[in-house]
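Participant:
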Amino acid sequence: MVATNSMNRTSAAMQTTSDEALIERIAAGDKLAMQVLFARHQVRVYRFVLRLVRDQSVAEELVGEVFLDVWRQAGRFEARSTASTWLLAIARYKALSALRRRTDQGLDDDKAATLEDPGDSPEVAVLKKNKGEVLRQCLTALTPEHREIIDLVYYHEKSVEEVAQIVGIGENTVKTRMFYARKRLSELLKAAGIDRGWP
Amino acid sequence: MTTYDETPERQEIEALLPWHAAGTLADRDAQRVEEALAQDRELSRRFALVREELAATVRLNDALGAPPAGAMERLMLRIEAESPTGRSRLALGGLADWLAMQVGRLSPRALAFAVGAAAAMILIQAGLLATFSITRYDANGFQTASIPRSGEIGIGFVPAANAAEITKFLDTYHLTIVAGPRPGGLFMTRPESAPLPKDGLDGLVRRIQQESHIVRFAAVEE
Chain A
1 MVATNSMNRT SAAMQTTSDE ALIERIAAGD KLAMQVLFAR HQVRVYRFVL
51 RLVRDQSVAE ELVGEVFLDV WRQAGRFEAR STASTWLLAI ARYKALSALR
101 RRTDQGLDDD KAATLEDPGD SPEVAVLKKN KGEVLRQCLT ALTPEHREII
151 DLVYYHEKSV EEVAQIVGIG ENTVKTRMFY ARKRLSELLK AAGIDRGWP
Chain B
200 MTTYDETPER QEIEALLPWH AAGTLADRDA QRVEEALAQD RELSRRFALV
250 REELAATVRL NDALGAPPAG AMERLMLRIE AESPTGRSRL ALGGLADWLA
300 MQVGRLSPRA LAFAVGAAAA MILIQAGLLA TFSITRYDAN GFQTASIPRS
350 GEIGIGFVPA ANAAEITKFL DTYHLTIVAG PRPGGLFMTR PESAPLPKDG
400 LDGLVRRIQQ ESHIVRFAAV EE
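These protein sequence lines map, in sequence, to chains A and B. Just so you know, the first sequence maps onto residues 1 to 199 in this note's numbering. Just so you know, the second sequence maps onto residues 200 to 421 in this note's numbering.
And the structure:
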């Protein structure tokens, strides 16, 4: 009982520990810290990877690979970026590697289509006057490069500097790429019947 | 086409709108954007478009769901599988360093041969251990040990098995890992269905033993 209480207290304390402190503990071989970091970030990492690879089973596998790398490389984390930025950078590298492997093997179009088209087509959604649905459809129709930057900025709440670190490009390029991603989104919306008057 | 102030300063401010909507701008930049928004109705209209995009992106991502249950267990399983190496390294100290140096000098072909030989040794040892420690015989032939059956199956995976293969295997046989790895790399598993009778458990183990591409050893826990 005493041991259980002690473990519960340790676990509770871990919940409030910063990511960076958790990574320090992980570097020292602390498996509980690993579990806390995983619980804290697995969903976002999974969604980020899934949006890139568009295959649930591959995304699940890659999330495991990302955190296994964290376990192996925690000692190399220098806290020059936040832990979540570091995680997303690892995740991106693994997702792109998986995409390259899959391109070599030939894309599974059926699988990609099931993820790409969860609702009505943009045109049908327009007929239903569901602007939000059209917007989401057009977001999924963007290229992986444009989807990635929009997700990083809007969903993962990454600053210009952090996106630059994750994607490995300059800060000005980050802003330019975001602009073109949004411009392309407007074009897709216009083609679907929604003219936003921009750009 | 909108007629609009497209000075470099205004373009720079407009480029920051996505980060302003997400709340990730530095204070100074956020203040510049706020001031521009207060003076410029067209910029405010464009900012509203950005906010729509943000809301749609969040909703789209939230709809993607989450990894399936058991992801953490599978990760910890893989981490555990790596731990003996770490423990050995700590325990052996200089010997491990010496071994690492020798292995580093091997050519890829020689290294592959050495790994194969090591894997064969592990298989032989596992077989011997299985023979001497898991079962015993008496006048009535095969008999379970004195400890009552726990309903668990001890499984050792081949060194080359990866997490995806192990996960698929566990799903196929509806098994859950309840402990491990134990010395020798054994994981204790339990059928997800109601406790199986002796015959059912033995039959399951025989089927598992056929999966030699992933399982190097399987036996009922005594």
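Yeah, the Cβ is synthetic: ideal placement off N, Cα and C, and Gly gets one too.
If contact means a Cβ-Cβ distance below 7 angstroms, which residues of the region 265-280 of chain B contact chain A?
Facilitator: 265, 266, 267, 270, 271, 273, 274, 275, 277, 278
Participant: Quick one: is residue 353 of chain B near chain A, going by C-beta distance under 8 angstroms?
Facilitator: Numbered from its first residue, the second sequence carries residue 353 of chain B at position 154. So no, residue 353 of chain B is outside the interface.
Participant: Would you tell me roughly how many angstroms separate the C-alpha atoms of residue 367 of chain B and residue 163 of chain A, rounded to the nearest one?
Facilitator: Here residue 367 of chain B refers to the residue found at position 168 of the second sequence. Here residue 163 of chain A refers to the residue found at position 163 of the first sequence. The alpha-carbon atoms of residue 367 of chain B and residue 163 of chain A are separated by roughly 35 angstroms.
Participant: Counting only beta-carbon atoms, is residue 151 of chain A nearer than 8 angstroms to chain B?
Facilitator: Numbered from 1 along the first sequence, position 151 holds the residue referred to as residue 151 of chain A. Judged by the 8 angstroms Cβ criterion, residue 151 of chain A is in contact with chain B.
Participant: How would you call residue 206 of chain B, buried or exposed, if buried means at least 16 neighbouring beta carbons within 10 angstroms?
Facilitator: Counting from one through the second sequence, the residue named residue 206 of chain B turns up at place 7. Exposed, by the Cβ-count rule.
Participant: In terms of residue numbering, what span does the beta strand (DSSP E) encompassing residue 38 of chain A cover?
Facilitator: For the purposes of this step, residue 38 of chain A is taken as the residue at position 38 of the first sequence. Counting along the chain, residue 38 of chain A falls outside any beta strand (DSSP E), though it belongs to the alpha helix (DSSP H) covering 31-53.
Participant: Using a Cβ-Cβ cutoff of less than 6 angstroms, which residues in the same chain neighbour residue 33 of chain A once the five nearest sequence positions on both sides are dropped?
Facilitator: Sequence index remark: in the first sequence, residue 33 of chain A carries index 33 (1-based). Closer than 6 angstroms at the Cβ level, and outside the excluded window around residue 33 of chain A, lie 22, 25, 26.
Participant: Residue 87 of chain A: which of A:72, A:99, A:101 sits nearest, CA to CA?
Facilitator: Start at 1 with the first residue of the first sequence, and residue 87 of chain A comes out as number 87. Answer by Cα proximity: A:72.
Participant: Chain A partners of residue 214 of chain B, CB-CB under 7 angstroms?
Facilitator: Against the second sequence, residue 214 of chain B aligns to sequence position 15. The contacting residues are 175, 179.
Participant: Are any of the Cβ atoms in chain A nearer than 8 angstroms to that of residue 240 of chain B?
Facilitator: Position 41 of the second sequence, counted from the start, is the residue given in the question as residue 240 of chain B. Answer no: the Cβ-Cβ gap between residue 240 of chain B and chain A never drops below 8 angstroms.
Participant: Using beta carbons (cut-off 8 angstroms, strictly below), is residue 140 of chain A in contact with chain B?
Facilitator: Locating residue 140 of chain A in the first sequence gives position 140, counting from the first residue. Taking Cβ atoms only, chain B reaches closer than 8 angstroms to residue 140 of chain A, which makes this a yes.
Participant: Helix, strand or coil for residue 378 of chain B, going by three-state DSSP, please let me know.
Facilitator: Within the second sequence, residue 378 of chain B is the residue found at index 179, counting from 1. Residue state, collapsed to three classes: strand.
Participant: What number of angstroms, rounded off, separates the C-alpha of residue 273 of chain B from the C-alpha of residue 226 of chain B?
Facilitator: What you label residue 273 of chain B is simply residue 74 of the second sequence in a count that begins at 1. What you label residue 226 of chain B is simply residue 27 of the second sequence in a count that begins at 1. Going from the Cα of residue 273 of chain B to the Cα of residue 226 of chain B covers about 42 angstroms.
Participant: Are residue 38 of chain A and residue 271 of chain B closer than 8 angstroms when you measure CB to CB?
Facilitator: Translated into positions along the first sequence, residue 38 of chain A becomes position 38. Translated into positions along the second sequence, residue 271 of chain B becomes position 72. Yes, the pair counts as a contact, with Cβ atoms nearer than the cut-off.
Participant: Quick check on residue 222 of chain A: does DSSP put it in helix, strand or coil?
Facilitator: Within the shown structure, residues of chain A are numbered from 1 to 199, placing residue 222 of chain A beyond reach of any answer.
Participant: When DSSP labels each residue in this structure, what does residue 357 of chain B get in the three-state scheme?
Facilitator: For the purposes of this step, residue 357 of chain B is identified with residue 158 of the second sequence, where counting begins at 1. Coil at residue 357 of chain B, not helix or strand.
Participant: Taking a cut of 7 angstroms between CB atoms, which residues from the region 234-259 of chain B lie near chain A?
Facilitator: 245, 248, 251, 252, 253, 255, 256, 257, 258, 259
Participant: Once DSSP output is grouped into helix, strand and coil, what is the label at residue 256 of chain B?
Facilitator: Taking the second sequence and counting its residues from 1, one reaches residue 256 of chain B at position 57. Here residue 256 of chain B sits in helix by DSSP.
Participant: Scan the region 25-43 of chain A for residues whose Cβ lies nearer than 9 angstroms to a Cβ of chain B and list them as they occur along the chain.
Facilitator: 29, 31, 34, 35, 38, 39, 42, 43
Participant: Determine the closest residue to residue 418 of chain B out of B:412, B:411, B:405, B:410, with distance taken between C-alpha atoms.
Facilitator: Here the question's residue 418 of chain B lines up with position 219 in the second sequence. Per the Cα distances, B:405.
Participant: Pull up the distance between the alpha-carbon of residue 185 of chain A and that of residue 193 of chain A, whole angstroms please.
Facilitator: In the first sequence, the residue the question calls residue 185 of chain A occupies position 185. In the first sequence, the residue the question calls residue 193 of chain A occupies position 193. Each residue's alpha carbon lies about 12 angstroms from the other.
Participant: Just curious, the beta strand (DSSP E) that residue 418 of chain B is in, first and last residue?
Facilitator: For the purposes of this step, residue 418 of chain B is identified with residue 219 of the second sequence, where counting begins at 1. Residues 414-419.
Participant: Just curious, the alpha helix (DSSP H) that residue 188 of chain A is in, first and last residue?
Facilitator: Position 188 of the first sequence, counted from the first residue, corresponds to residue 188 of chain A. Residue range 171-191 is occupied by the alpha helix (DSSP H) that includes residue 188 of chain A.
Participant: Alpha helix (DSSP H) containing residue 217 of chain B: first to last residue?
Facilitator: Position 18 of the second sequence holds residue 217 of chain B. First-last of the alpha helix (DSSP H) with residue 217 of chain B: 216-221.
Participant: Looking at the secondary structure, which residues open and close the beta strand (DSSP E) in which residue 386 of chain B lies?
Facilitator: Within the second sequence, residue 386 of chain B is the residue found at index 187, counting from 1. Residues 385-390.
Participant: Would residue 351 of chain B be called buried (16 or more neighbouring beta carbons within 10 Å of its own) or exposed?
Facilitator: Here the question's residue 351 of chain B lines up with position 152 in the second sequence. That one is buried.
Participant: Any idea which residues DSSP pairs residue 352 of chain B with across the strands?
Facilitator: Taking the second sequence and counting its residues from 1, the one referred to as residue 352 of chain B is at position 153. The partner list for residue 352 of chain B (beta bridge, DSSP) reads B:388, B:419.
Participant: Strictly under 8 angstroms for the Cβ-Cβ distance: is residue 371 of chain B near chain A by that measure?
Facilitator: Here residue 371 of chain B refers to the residue found at position 172 of the second sequence. Taking Cβ atoms only, chain A never reaches closer than 8 angstroms to residue 371 of chain B, which makes this a no.
Participant: Indicate whether residue 220 of chain B and residue 246 of chain B have their beta-carbon atoms separated by less than 8 angstroms.
Facilitator: In the second sequence, counting from the first residue as 1, residue 220 of chain B sits at position 21. In the second sequence, counting from the first residue as 1, residue 246 of chain B sits at position 47. Their beta carbons are under 8 angstroms apart, which means residue 220 of chain B touches residue 246 of chain B by this criterion.
Participant: Below 8 angstroms, how does it come out for the region 172-179 of chain A and the region 146-160 of chain A: are there three or more Cβ pairs, yes or no?
Facilitator: The region 172-179 of chain A, when compared against the region 146-160 of chain A, does touch it at the 8 angstroms Cβ threshold.
Participant: Looking only at its own chain, which residues have a Cβ that is under 7 angstroms from the Cβ of residue 401 of chain B, when we skip the five neighbours before and after it?
Facilitator: By 1-based counting over the second sequence, the position of residue 401 of chain B is 202. These residues qualify, in order along the chain: 419.
Participant: If you draw a straight line from the C-alpha of residue 258 of chain B to the C-alpha of residue 403 of chain B, how long is it?
Facilitator: As a working mapping, residue 258 of chain B is identified with position 59 in the second sequence. As a working mapping, residue 403 of chain B is identified with position 204 in the second sequence. So the alpha carbons of these two residues sit roughly 45 angstroms apart.
Participant: Of the choices A:76, A:59, A:81, whose alpha-carbon is the least far from that of residue 92 of chain A?
Facilitator: One-based indexing of the first sequence puts residue 92 of chain A at position 92. Looking at the Cα atoms, A:59 is the closest of the given residues.
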